[in-house]
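Numbering (the numbering used here), first residue to last: 18 to 525.
The structure is reproduced here in structure tokens:
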């Protein structure tokens, strides 16, 4: 039996999101240096209603939006003190996060996922209407910044984002309120606090391209995850497992403490969508990062995932919501529509982006956000305005596709049930509460739920462009004596459920 139900329609603001996100209240004067931005004047809010006709849902053209965005950039710059935007050393960052938690105690929680080599906590700030609790059918989202210690813009943007979400929620911003009520958002401003401190000693004017990039042992954390791509590429050729690939033996001894903390974090939370913020270019990069083939004429080739179309859409969501990323020409490079397949740009092994996709349910892209890895503080205000709408729009993508519960005949949730979509060779699994989330583009799909000990069930579902469609499954116990494979289908005589690659594949 299957039940299909549309999620309730959210009453979202239909006007252009750039102005909808402008601050609606004056920043309280507290004299804190870490506050992220000054609130715009009330006259701007009144003016915004006239310009955008928010109540009628009128949409302006992209050219008009760009013009108004430029106008507002100048207006906000005139109303914002340069001192409101600054770089945050570790202690200042921690104070800023706890200040947000103090201002919004009922929708935030701070927790540490581990420590760096030098003992600094990797703090995460969570936003939710029920902090600390996973609610069934509420997706988990994460942002990760400052993986490379000298790429600092992402760190500052995530601090600003945290302050912004708190302020707008308190001001009654309907869009932000819906986002926080219906999403569990996790923000890790700095994955590499030790590297940041090294880079910050030189500062924005003198920081070299590599100084502070790695952790305190100078290890590049984005080349430090277990390499699951080789295993995946082998399985693709031999009809093997296509999701949640196993980790190699003794993998915990092969990664840095910061990497270990993030992997454990991924394993403990059923993340659906993520982005990893970097610097040194301006482009939205999507998986795979590692090429399947060797270099051809000095270049690596495009390496598509089975979810290539949805990854392109996710990358474009950020690119086109960003003030200039979508234009393509940035930092001396050209990326069509401001996006690129990672391997097509250059092949990268042991990266976090591919690891998310191959070991968990999470879809992650990498956001390169500035030509300058360590921009001066004077650039932070304009960078915040350029990225603010994109950061929010990207989070909203977690609510697209399908989601639902997997139950047995007695309405007990089934965890680790496999959700397969015909034509897409990448499955996801249900969480411990029996809920699942599958990002999909609009269209009609054949979806199958299966679990060990149960008969599989298949249903057709049509996905629209708005909210995720709810598709629930009720699985019956398999008859005794039935030999089923890992997806719940009868095995052919003499067949096996998966093929094991040679032992020399994968990091050992």
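Ideal Cβ positions, reconstructed from N, Cα and C, are used throughout, including at glycine.
Return the bridge partner residues of residue i from the DSSP annotation.
| i | result |
| --- | --- |
| residue 441 | 438 |
| residue 382 | 292 |
| residue 492 | 425 |
| residue 391 | None; residue 391 has no bridge partner. |
| residue 317 | Its beta-bridge partners do not exist; DSSP assigns none. |
| residue 303 | 358 |
| residue 420 | 454 and 487 |
| residue 468 | Bridge partners of residue 468: none, in fact. |
| residue 346 | 351 |
| residue 127 | 142 |
| residue 462 | 478 |
| residue 405 | Residue 405 pairs with nothing; no bridge assigned. |
| residue 132 | 138 |
| residue 274 | Bridge partners of residue 274: none, in fact. |
| residue 446 | 435 |
| residue 298 | 387 |
| residue 430 | 424 |
Is it true that the CB of residue j sits closer than 8 Å to the CB of residue i?
| i | j | result |
| --- | --- | --- |
| residue 156 | residue 415 | yes |
| residue 245 | residue 204 | no |
| residue 327 | residue 458 | yes |
| residue 299 | residue 342 | yes |
| residue 357 | residue 302 | yes |
| residue 125 | residue 412 | no |
| residue 296 | residue 171 | yes |
| residue 394 | residue 102 | yes |
| residue 448 | residue 239 | no |
| residue 105 | residue 260 | no |
| residue 114 | residue 217 | no |
| residue 324 | residue 372 | no |
| residue 466 | residue 436 | yes |
| residue 317 | residue 361 | yes |
| residue 339 | residue 247 | no |
| residue 390 | residue 226 | yes |
Sorted by chain position, which residues of the same chain lie with C-beta nearer than 8 Å to residue i's C-beta, five sequence neighbours on each side aside?
| i | result |
| --- | --- |
| residue 477 | 461, 462, 463 and 464 |
| residue 344 | 355 |
| residue 87 | With a pLDDT of only 40 at residue 87, under the threshold of 50, the placement of this residue in the model should not be trusted, and no figure is reported. |
| residue 132 | 138, 139, 274 and 278 |
| residue 46 | Bear in mind that a pLDDT of 32 at residue 46, under 50, signals an unreliable position, so the number given afterwards is only what the model happens to contain. Within the same chain, residue 46 has no close Cβ partners at all. |
With respect to 7 Å, is the separation between the Cβ of residue i and the closest non-hydrogen atom of the ligand ZN below this value?
| i | result |
| --- | --- |
| residue 379 | In terms of ligand content, the structure shown is empty, and the ligand ZN therefore cannot be addressed. |
Identify, in the order they occur along the chain, each residue of the same chain with its Cβ nearer than 6 Å to the Cβ of residue i, setting aside the five sequence neighbours on each side.
| i | result |
| --- | --- |
| residue 233 | 134, 135 and 211 |
| residue 175 | 160, 162, 204 and 206 |
| residue 397 | 102 and 173 |
| residue 452 | 153, 154 and 422 |
| residue 85 | Any reading at residue 85 must be qualified, since the residue scores a pLDDT of 43, below 50, and its modelled position is unreliable; the value itself is stated next. So no residue of the chain qualifies. |
| residue 158 | 200, 202, 290, 412 and 415 |
| residue 472 | 493 and 495 |
| residue 482 | 459 |
| residue 438 | 462 and 464 |
| residue 184 | none |
| residue 264 | 243 |
Please return the same chain residues whose Cβ sits closer than 7 Å to the Cβ of residue i, not counting the five positions on each side in sequence.
| i | result |
| --- | --- |
| residue 241 | 272, 273, 276 and 367 |
| residue 129 | 138, 139 and 140 |
| residue 269 | 277 |
| residue 249 | 262 and 375 |
| residue 230 | 165, 166, 167, 212 and 237 |
| residue 485 | 24, 416, 417, 418, 419 and 420 |
| residue 146 | 124, 197 and 198 |
| residue 392 | 170, 221 and 400 |
| residue 73 | At residue 73, the pLDDT of 32 sits below 50, so the modelled position is not reliable; the number obtained from the coordinates is stated separately. Cβ within range, chain order: n/a, list empty. |
| residue 282 | 130 |
Would residue i pass as an interface residue toward chain D - the criterion being a Cβ-Cβ separation below 8 Å?
| i | result |
| --- | --- |
| residue 113 | The structure shown contains no chain D; it holds only a single protein chain. |
Taking three-plus beta-carbon pairs below 8 Å as touching, is the region 331 to 343 in contact with the region 204 to 215?
With contact defined as three or more Cβ pairs closer than 8 Å, the region 331 to 343 and the region 204 to 215 are not in contact.
Given 8 Å as the limit, is there contact between the region 288 to 306 and the region 384 to 403, that is, 3 or more CB pairs closer than that?
The region 288 to 306 makes contact with the region 384 to 403, as at least three CB pairs between them are under 8 Å.
Closer than 8 Å is the cut-off here; do at least three beta carbon pairs connect the region 386 to 403 with the region 416 to 434?
Cβ pair count under 8 Å is below three, so no.
Assess contact between the region 484 to 492 and the region 421 to 429, defined as three or more Cβ pairs (one per stretch) separated by less than 8 Å. Is contact present?
Contact holds: three or more Cβ-Cβ distances are below 8 Å.
Entirely enclosed beta strand (DSSP E) segments - the region 152 to 177, minimum 3 residues
Runs of the beta strand (DSSP E) spanning 3 or more residues and lying entirely within the region 152 to 177 occur at 157 to 162, in chain order.
Is the region 298 to 310 touching the region 356 to 366, taking contact as three or more C-beta pairs under 8 Å?
The region 298 to 310 vs the region 356 to 366: in contact.
Quick check on the DSSP output: what are the complete beta strand (DSSP E) runs of length 3 or more inside the region 197 to 243, in order along the chain?
The DSSP assignment places 201 to 205 as complete runs of the beta strand (DSSP E) inside the region 197 to 243, in order along the chain (cut-off: 3 residues).
Would the region 114 to 132 count as touching the region 155 to 174 if we require 3 or more Cβ pairs under 8 Å?
The region 114 to 132, when compared against the region 155 to 174, does not touch it at the 8 Å Cβ threshold.
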